[in-house]
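If you use my numbering, the sequence shown corresponds to residues 2 to 54, in order.
Ideal Cβ positions, reconstructed from N, Cα and C, are used throughout, including at glycine.
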Amino acid sequence: MKHDREEHRSRDYQEVLFKMQESANQALSVTTQLTSDHLDGIRYDYDDSADLM
């Protein structure tokens with residue numbers, strides 16, 4: 002009976018680990034996509050604060 006409980010607990014941990022790995026992979030995928038979108042080499046940073054004076 003003890004072995005069954007430990008095996009069940011092991012499966013629970015494996016499920017949590019799998020979900021965490023999926024979340025991490027999704028986050029890396031989004032980060033990679035966002036990074037690649039900004040690699041065009043041109044960035045414009047406008048300072049519109051002068052218009053407020």
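Query                                                                 : Result
Inter-residue Cα distance where the pair is residue 33 and residue 22 : 16 Å
Euclidean distance between Cα positions of residue 30 and residue 24  : 10 Å
Length of the line joining the Cα atoms of residue 28 and residue 15  : 20 Å
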